[in-house]
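Enquirer:
Numbering (the UniProt record's numbering), first residue to last: 1 to 580.
(1) Out of 145, 162 and 390, which one is the CA nearest neighbour of residue 137?
(2) With burial defined as no fewer than 16 other Cβ atoms inside 10 Å of the residue's Cβ, what is the status of residue 79: buried or exposed?
(3) Identify which residue in 300, 549 and 539 has its Cα closest to the Cα of residue 525.
(4) Let me know the beta strand (DSSP E) ranges lying completely inside the UniProt domain "TIR" (471 to 580), each 3 residues or longer, listed in chain order.
(5) Quick one: grab the DSSP three-state call for residue 376.
(6) Which residues in the same chain have their Cβ closer than 6 angstroms to the Cβ of residue 124, if we skip the five residues on either side of it in sequence?
(7) For residue 462, which of helix, strand or coil comes out of DSSP?
(8) Just to confirm, are residue 280 and residue 253 a CB contact at a threshold of 9 angstroms?
(9) So, for residue 528: in the same chain, excluding its five sequence neighbours on each side, which residues have a beta-carbon less than 8 angstroms away from its beta-carbon?
(10) Mind reading off the beta-carbon distance from residue 206 to residue 232? Whole number of angstroms is fine, and I expect it under 8 angstroms.
(11) Are residue 105 and residue 139 close, meaning C-beta to C-beta below 9 angstroms?
(12) Looking at chain C, is there any beta carbon in it that lies within less than 9 angstroms of the beta carbon of residue 141?
(13) Quick one: grab the DSSP three-state call for residue 357.
(14) Apply the 10 Å Cβ neighbour rule to residue 290 and answer buried if 16 or more other Cβ atoms are within range, or exposed otherwise.
(15) Could you spell out the range, first to last residue, of the alpha helix (DSSP H) harbouring residue 350?
(16) For the putative contact between residue 228 and residue 246, defined by C-beta atoms under 8 angstroms, what is the C-beta separation to the nearest angstrom?
(17) Using the C-alpha atoms, what's the distance from residue 503 back to residue 491?
(18) Between the Cα of residue 199 and those of 176, 151 and 143, spot the shortest distance and give me the residue it belongs to.
(19) So is residue 444 buried or exposed if we call it buried at 16+ other beta carbons inside 10 Å?
(20) Name the residue from 333, 67 and 169 whose alpha carbon lies nearest to the alpha carbon of residue 193.
(21) Quick one: residues in its chain with C-beta nearer than 6 angstroms to the C-beta of residue 303, no 5 flanking neighbours on either side, listed in chain order?
(22) Exposed or buried, which one is residue 152 when buried takes at least 16 other CB atoms within 10 Å?
(23) Using the beta-carbon count (16 or more within 10 Å), is residue 234 buried or exposed?
(24) Given a cut-off of 9 angstroms, decide if residue 375 and residue 316 are closer than it, judged by their beta-carbon atoms.
(25) CA-CA distance, residue 313 and residue 366?
(26) Mind checking which residues open and close the beta strand (DSSP E) that includes residue 252?
(27) Is there contact here, the stretch 421 to 428 with the stretch 397 to 413, by at least three beta-carbon pairs under 8 angstroms?
(28) By how many angstroms is the C-alpha of residue 441 removed from the C-alpha of residue 478?
(29) Taking the alpha carbon of residue 362 as the point to measure from, which residue in 378, 311, 356 and 350 has its own alpha carbon closest?
(30) Report the CB separation of residue 356 from residue 383 in whole angstroms; it is logged as a contact under 8 angstroms.
(31) Have a look at 283, 318, 288 and 410 and flag the residue whose alpha-carbon is nearest the alpha-carbon of residue 297.
(32) Can you name, in chain order, every residue of its own chain whose Cβ lies under 6 angstroms from the Cβ of residue 307, other than the five neighbours on each side?
(33) Could you check what DSSP says for residue 298 in three-state terms: helix, strand or coil?
(34) Please confirm whether residue 83 and residue 95 have their CB atoms less than 9 angstroms apart.
(35) So, using beta-carbon positions, are residue 499 and residue 537 closer together than 9 angstroms?
(36) For residue 431, does the count of other Cβ atoms within 10 angstroms reach 16, so buried, or fall short, so exposed?
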């Protein structure tokens, strides 16, 4: 005999059995408890167990004696009654041993008082997809052990008094209430209808906010075991910061499809502490922007679902979400993350292993988004399904973003900035030009000044007529003021009086009101010769040196290189009789 002890074979058989058994969910077989595979080491015993289980299920599935349309069966001491899709309009008489009752997809309009009075062992009741319009005060009398109640897809409404106060009072053990997708004219959370459900852990209801009911009923504050809140039909047009005022124990909140597109741009969904909240679903709300501090005081938040919105501006604060593990941003208009967001995500991911879904967004692969693409490359392990991401290239084409490294290298090549290099080269050239121009200007400073003054003189309106047809003066005398005695006692008497020469003396012959430099240039240009009396004070005088250099320029550029100036070194022992 061959012995099969391979646990892998056992696991495969177990999976095959589960797949086979799932086909019998119509009869409730999906709730079958199967022993752990690790306990069955022999493949033949395992197959025997499968056959025995199927035999028991098949032979115990019989038409119910109270209604041949219903199916009754037992699975591991749990009594199932399935009266689904048989078009009944009233609640049938059921055995008191019933544990799971399925009445969905029928035509039941009313649950009369005492309809379940004998079902004190009932654990689950499904009344979804009926025509229920109202409940009576004693509709659930007797269901003291009921743990799950499903009233979805009916016509129940507070407007028609479908939920009388105290209708849920008998449900002492109820943990899960599903009453969403009913008449939109009702707001179950607006009244204290569910106040008595002390053991309630999860609730799924419709929300229609109105001016008369701006917040959840105060009765929610008594539901200290309530952990999960999910909406069906949802209209939060008057959504405010106090909507969840009395629901401070929540760990799971799903307010998707609630049309709160504008509200959350300037408001938080709750001003109350959310220290227990671990999951928040805000998908399908046409949200374009979120309030900066919307997730403040959420120390345990692990999952945020913002998928299927129109978010483009990702600026809300996540720096305090140290427990965040999943951030779903798929199907939005996000182009890139800001630098602050990238830093916050990196810090959070190091501690919590954060994962982000950024699929179906308008990620941009351009030069201005290069830091974000580089950051994605460094943190690609954070992004779920990154191999499917697409981005808009600079030429407006759409490309697959994965693998990232070639894209980053291409962007770095095409977006390389030469601004600094260009600025340095330009500055260097400008500096060189300034130095060159300055050097040339200094080298030819006297020539330039001479040209300037001569040009200025050329266009001057007043021009005295030269005495001999060429020059007004025979000589221009350049001297310092300290040599006035020598000038007036020796030079003038000898040259003007004895030699009859006409001299130009600045103290006597300069034109009043004319600029001194212009007077000097004109005097040199109108004089046949220039005589410089060289002394220490002459060399120290700015204007004396100006006269000396202007005479040099006149000799070079206006007299064809002819020597027109004389220098005379003077001391106390020298006498001048005549220079000609």
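For glycine and all other residues, C-beta sits at the position ideal for the given N, C-alpha and C. Remember, predicted model here, so these are calculated numbers, not experimental data.
Expert: Reading it off the structure:
(1) Proximity to residue 137 across 145, 162 and 390 peaks at 162, based on C-alpha coordinates.
(2) buried
(3) Of the listed residues, the one whose Cα sits closest to residue 525 is 549.
(4) 473 to 478, 527 to 534 and 565 to 569
(5) In the three-state scheme derived from DSSP, where H, G and I count as helix and E and B as strand, residue 376 is classed as helix.
(6) These residues qualify, in order along the chain: 100 and 148.
(7) Low confidence applies here, because residue 462 scores a pLDDT of 46, under 50, leaving its location unreliable; read the following figure in that light. Coil at residue 462, not helix or strand.
(8) yes
(9) 470, 471, 473, 474, 475 and 564
(10) 5 angstroms
(11) no
(12) In the structure shown, chain C cannot be found, because there is only a single protein chain.
(13) strand
(14) buried
(15) Run containing residue 350: 339 to 352, per the alpha helix (DSSP H) assignment.
(16) Between residue 246 and residue 228 the Cβ distance is about 16 angstroms, and since that is not below 8 angstroms, they are no contact.
(17) 10 angstroms
(18) 176
(19) exposed
(20) 169
(21) 279 and 326
(22) Residue environment for residue 152: buried (at least 16 other C-beta atoms within 10 angstroms of its C-beta).
(23) With 16 or more neighbouring CB atoms inside 10 Å of its own CB, residue 234 falls in the buried class.
(24) No, Cβ-Cβ distance for residue 316 and residue 375 is not below 9 angstroms.
(25) 18 angstroms
(26) 252 to 254
(27) no
(28) 26 angstroms
(29) 311
(30) Yes, residue 356 and residue 383 are in contact; Cβ-Cβ is about 5 angstroms, under 8 angstroms.
(31) Nearest C-alpha to residue 297: 318.
(32) 283, 328, 330 and 331
(33) Per DSSP, reduced to three states, the secondary structure at residue 298 is coil, with no helix or strand assignment.
(34) no
(35) no
(36) exposed
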